[in-house]
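All remarks here apply to the structure that follows.
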Amino acid sequence: MHRLFLICLLSLTMLAAPGVQAQEATEGATEAPQADRSATGGAQTLEDILARQRGEEVPDRARAGEDPDSAGAMVGQLGALGGSSDADVWSALRYGTADVTVSSGGAPARVLIQDNGMWWLNFRQGPLIKYGGWLLLGTIAFLALFFLIRGRIRIDGEKTGRTVTRFKFIERFAHWLMAGSFVLLGLTGLLVLMGRKFIIPTFGHEAFATAAVASKWIHNNVSWAFMLGLILAFIFWVAHNIPNKTDLKWIAVGGGLFKKGVHPPAKKFNAGQKMIFWSVMILGASISASGLSLLFPFELPMFAKTFVILNDMGVPQLLGFGALPEQLAPHEEMQYAQLWHATVSFVLMAIVIAHIYIGSVGMEGAYDAMGSGQVEEQWAREHHSLWLDEVKKREGEPKPANTATTPAE
2 MHRLFLICLL SLTMLAAPGV QAQEATEGAT EAPQADRSAT GGAQTLEDIL ARQRGEEVPD
62 RARAGEDPDS AGAMVGQLGA LGGSSDADVW SALRYGTADV TVSSGGAPAR VLIQDNGMWW
122 LNFRQGPLIK YGGWLLLGTI AFLALFFLIR GRIRIDGEKT GRTVTRFKFI ERFAHWLMAG
182 SFVLLGLTGL LVLMGRKFII PTFGHEAFAT AAVASKWIHN NVSWAFMLGL ILAFIFWVAH
242 NIPNKTDLKW IAVGGGLFKK GVHPPAKKFN AGQKMIFWSV MILGASISAS GLSLLFPFEL
302 PMFAKTFVIL NDMGVPQLLG FGALPEQLAP HEEMQYAQLW HATVSFVLMA IVIAHIYIGS
362 VGMEGAYDAM GSGQVEEQWA REHHSLWLDE VKKREGEPKP ANTATTPAE
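According to my numbering, the sequence shown is numbered sequentially starting from 2.
Here you go:
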């Protein structure tokens, strides 16, 4: 009887040993805790995604266990594979080579993973806002300093009391349509771009949400007025903005902006105004094109084709960059369109700020050209003497004896 009891006791001890060893192993494992992914069937968790965005190391094939059944209730949803994964499938999804079928949405809906969006977001929230903001503030600061040093550019000669028609009503309409809409587009664009960073901390999320929705509506609809004004201005003034030899004389003396009593000859538009005109036309057209791409998402891709042309011309290599990507996901097209739209807009806003300055407080009599359309004859003689001579000739008036301008040399 005693022998039988000892045999049973020895048997139970031997059976219990593996359990004790397993328990010790389990206790030892607590020293290096692993993320619990059982609720997701072994798939990445929100914490994993956030950690990857912070730049932390996260295993691509992290699993809750080797047993597919460890996925628990998720097994039924995941199908026959359960909690296991196919690395090739995920790789194909990430790099856009997977054969994905969707019932609606077209090509954009077939892109399930597009990690280039983080680069776009970081650039949008960082360098774009930083350097764009400094460009605008720097332009305003420079103009303020210039005003303090140079003062307002006055009419040097004695005013005649006579006026000359500088711009007709339809021309002024095109100008103000383009200018007014651009100001609205600039303000609403800045609010949408920078509001999250500057408005939310000061006024809260609800205030920003209301302002952003209103700005988006204004921006999308006023854009059509800007494009119409751009087209009208081009039609009315392109013939007067062709560069000529007279512009070289104007540039040589800085248009008389930096020295009193210097008035180089100019036709209807001087060299400075021609620079403004072509800047507005070229940059405005580029902003309009990228804006249309944003107004109609995924319908007007432009950058992949543009990159192909630039690569063929060798432009990126000439500037010290590698070849630009020629295959872009639909979402990447939209990201490039948004960044280009904002970047070019910052440059044009800086140019327009300078134009507003010189056409208002910077120069006496300049605002009248677009205000009433009538300018003082002496102002026209000092700033656009060749154009004034043409006007007098058409009207059949003799050329005044004192029309000589200060030499440009």
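Glycine included, every Cβ here is placed at the ideal spot set by N, Cα and C.
Range covered by the alpha helix (DSSP H) that runs through Thr164 | Sequence index remark: in the sequence shown, residue 164 carries index 163 (1-based). Premise fails: Thr164 lies in the beta strand (DSSP E), Thr164 to Thr166, not in any alpha helix (DSSP H).
Next on the checklist: Taking 6 Å as the limit between beta carbons, can you name the residues of its chain near Lys275, skipping five residues before and five after?
Outcome noted: Position 274 of the sequence shown holds residue 275. Asn242.
*Val376 and Thr164 closer than 9 Å at C-beta*: Within the sequence shown, residue 376 is the residue found at index 375, counting from 1. Within the sequence shown, residue 164 is the residue found at index 163, counting from 1. Against a cut-off of 9 Å, the Cβ pair of Thr164 and Val376 comes out as a contact.
Next item on the list: If I'm right that Leu144 touches Tyr358 with Cβ under 8 Å, what's the distance once you round it to whole angstroms?
Entry: Taking the first residue of the sequence shown as 1, we reach residue 144 at position 143. Taking the first residue of the sequence shown as 1, we reach residue 358 at position 357. Taking the Cβ atoms as the reference, Leu144 lies roughly 5 Å from Tyr358, within the contact range of under 8 Å.
task: Starting from the C-beta of Met228, find all residues in its chain whose C-beta is less than 7 Å away, skip the five residues before and the five after it, and write them out in chain order.
output: Position 227 of the sequence shown holds residue 228. If we look at Met228 and ignore the five residues flanking it on each side, its Cβ neighbours are Ser289.
If we count Cβ pairs, one from each stretch, closer than 8 Å, do we get three or more for the stretch 362–377 versus the stretch 202–215?
The stretch 362–377 makes no contact with the stretch 202–215: fewer than 3 CB pairs, one atom from each, lie closer than 8 Å.
Straight-line gap, Ile201 to Leu137 (C-alpha atoms, nearest Å): Position 200 of the sequence shown, counted from the first residue, corresponds to residue 201. Position 136 of the sequence shown, counted from the first residue, corresponds to residue 137. Each residue's alpha carbon lies about 22 Å from the other.
Item to check | Pick from Pro331, Arg55, Gln328 and Leu295 that is closest to Trp341, judged by C-alpha positions | outcome: As a first step, residue 341 is located in the sequence shown; it is residue number 340 there, counting from the start. For the set Pro331, Arg55, Gln328 and Leu295, the Cα lying nearest the Cα of Trp341 is the one of Leu295.
Quiz item: Are Pro128 and Pro298 touching if we call contact CB-CB under 9 Å?
Solution: Counting from one through the sequence shown, the residue named residue 128 turns up at place 127. Counting from one through the sequence shown, the residue named residue 298 turns up at place 297. The Cβ-Cβ distance between Pro128 and Pro298 does not fall below 9 Å.
Leaving out five residues before and five after Met195 in sequence, what residues of the same chain have Cβ atoms less than 8 Å from its Cβ? Taking the first residue of the sequence shown as 1, we reach residue 195 at position 194. Cβ within range, chain order: Ile130 and Gly134.
- prompt: Relative to the C-alpha of Thr189, which residue among Lys268, Asp89, Ile219 and Ile171 is closest?
  reply: On the sequence shown, position 188 is the one that residue 189 refers to. When the alpha-carbon of Thr189 is set against those of Lys268, Asp89, Ile219 and Ile171, the nearest one is in Ile219.
- Please list, in chain order, all residues of the same chain as Leu257 whose beta carbon is under 7 Å from its beta carbon, the five residues on each side excluded. The count along the sequence shown starts at 1 and reaches residue 257 at position 256. According to the sequence provided, residue 257 is Gly. The question's Leu does not apply to it. Taking C-beta separations shorter than 7 Å and ignoring five residues to either side along the sequence, the partners of Gly257 in its chain run Val263, His264 and Pro265, following chain order.
Report task. Keeping to the same chain, check which residues put their C-beta closer than 7 Å to that of Ala226; ignore five residues upstream and five downstream. Result -> Here residue 226 corresponds to residue number 225 of the sequence shown, with the count starting at 1. Closer than 7 Å at Cβ, skipping near neighbours: Leu178 and Ser182.
Rounded to whole angstroms, how far is the Cβ of Ala330 from the Cβ of Gln115, which I believe are closer than 8 Å?
Residue 330 sits at position 329 when you count from the first residue of the sequence shown. Residue 115 sits at position 114 when you count from the first residue of the sequence shown. Sure, about 5 Å apart at Cβ, within 8 Å.
Fill in: C-beta contact flag for Glu365 and Arg155 at 9 Å
If you number the sequence shown from 1, residue 365 lands on position 364. If you number the sequence shown from 1, residue 155 lands on position 154. A contact, by the Cβ cut-off of 9 Å.
Can you name the residues that DSSP bridges to Glu377?
Here residue 377 refers to the residue found at position 376 of the sequence shown. Paired residues: Thr164.
Which class does Met228 belong to by DSSP, given the choice of helix, strand or coil?
Taking the first residue of the sequence shown as 1, we reach residue 228 at position 227. Helix at Met228.
Asn245 to Arg167 span [Cα, whole Å]: Taking the sequence shown and counting its residues from 1, one reaches residue 245 at position 244. Taking the sequence shown and counting its residues from 1, one reaches residue 167 at position 166. So the alpha carbons of these two residues sit roughly 21 Å apart.
Selected residue, minimal CA-CA separation from Ser280, among Met314, Glu300, Phe235 and Phe124: Locating residue 280 in the sequence shown gives position 279, counting from the first residue. For Ser280, the closest of Met314, Glu300, Phe235 and Phe124 by C-alpha to C-alpha distance is Phe235.
message = For Glu28, count the other beta carbons within 10 Å of its own beta carbon; 16 or more makes it buried, fewer makes it exposed. Which is it?
response = The residue given as residue 28 occupies position 27 in the sequence shown. Interpretation of Glu28 is limited by its pLDDT of 46, a score under 50 that renders its predicted location unreliable; the figure taken from the coordinates is listed afterwards. Exposed: under 16 other Cβ atoms inside 10 Å.
Best match in Ala267, His176, Leu284 and Leu192 for proximity to Phe237 [C-alpha to C-alpha] | The residue labelled residue 237 in the question sits at position 236 within the sequence shown. Looking at the Cα atoms, His176 is the closest of the given residues.
Inset, instruction - Identify every residue that forms a DSSP beta bridge with Met364. - result: Mapped onto the sequence shown, residue 364 falls at position 363. In the DSSP assignment, Met364 forms a beta bridge with Ile154.
Q) If you draw a straight line from the alpha carbon of Val254 to that of Met282, how long is it in whole angstroms? A) Locating residue 254 in the sequence shown gives position 253, counting from the first residue. Locating residue 282 in the sequence shown gives position 281, counting from the first residue. Rounded to the nearest angstrom, the two C-alpha atoms are 25 Å apart.
**Study point:** DSSP state of Val103 mapped onto helix, strand, coil
**Key:** As a first step, residue 103 must be located in the sequence shown, where it is residue number 102. Reduced to three states, the DSSP call for Val103 is coil.
Does the distance from the C-beta atom of Ala267 to that of Ser386 stay below 9 Å? In the sequence shown, counting from the first residue as 1, residue 267 sits at position 266. In the sequence shown, counting from the first residue as 1, residue 386 sits at position 385. For the 9 Å CB-CB criterion, Ala267 and Ser386 form a contact.
Discussion item. So, at 6 Å on beta carbons, what are the nonlocal neighbours of Ala272 in its own chain, with the 5 sequence-adjacent residues on each side left out?
Written reply: Taking the first residue of the sequence shown as 1, we reach residue 272 at position 271. If we look at Ala272 and ignore the five residues flanking it on each side, its Cβ neighbours are Asp248, Trp251 and Ile252.
CB-CB length for Asn117 against Gln336, believed under 8 Å = Residue numbering aside, residue 117 sits at position 116 when the sequence shown is read from its first letter. Residue numbering aside, residue 336 sits at position 335 when the sequence shown is read from its first letter. For Asn117 against Gln336, the beta-carbon gap comes to about 7 Å, under 8 Å, which counts as contact.
(request) Please report the residue range of the alpha helix (DSSP H) in which Glu391 lies. (result) Numbered from its first residue, the sequence shown carries residue 391 at position 390. That run of the alpha helix (DSSP H) goes Ser386 to Arg395.
Problem set entry | Option in Phe199, Gly162 and Ser287 with minimal Cα separation from Ser224 | Position 223 of the sequence shown, counting from 1, holds the residue named residue 224. Comparing Cα-Cα distances from Ser224 to each of Phe199, Gly162 and Ser287, the minimum goes to Ser287.
With a floor of 4 residues, list each alpha helix (DSSP H) that falls wholly inside the stretch 236–282, ordered by position along the chain.
Within the stretch 236–282, the complete alpha helix (DSSP H) segments of 4 residues or longer fall at 246–253, listed in chain order.
Unbroken alpha helix (DSSP H) run spanning Ala330, endpoints = Position 329 of the sequence shown holds residue 330. From DSSP, Ala330 is part of no alpha helix (DSSP H); its letter is neither H nor E.
Would you identify the three-state DSSP class for Met358, choosing helix, strand or coil? Here residue 358 is taken as the residue at index 357 of the sequence shown, counted from 1. Note that residue 358 is Tyr in the sequence shown here, rather than Met. If DSSP states are grouped into helix, strand and coil, Tyr358 belongs with the helices.
| request: Apply the 10 Å Cβ neighbour rule to Val239 and answer buried if 16 or more other Cβ atoms are within range, or exposed otherwise. | output: Stepping through the sequence shown from its first residue, residue 239 is reached at position 238. The residue is exposed, with fewer than 16 neighbouring Cβ atoms inside 10 Å.
Measuring from the CB of Thr344, is there a heavy atom of the ligand ATP at a distance below 8 Å? With respect to the ligand ATP, the structure offers nothing, as it holds no ligand at all.
query = How big is the Cα-Cα spacing for Phe148 and Phe259?
reply = For the purposes of this step, residue 148 is taken as residue 147 along the sequence shown, with counting starting at 1. For the purposes of this step, residue 259 is taken as residue 258 along the sequence shown, with counting starting at 1. About 11 Å.
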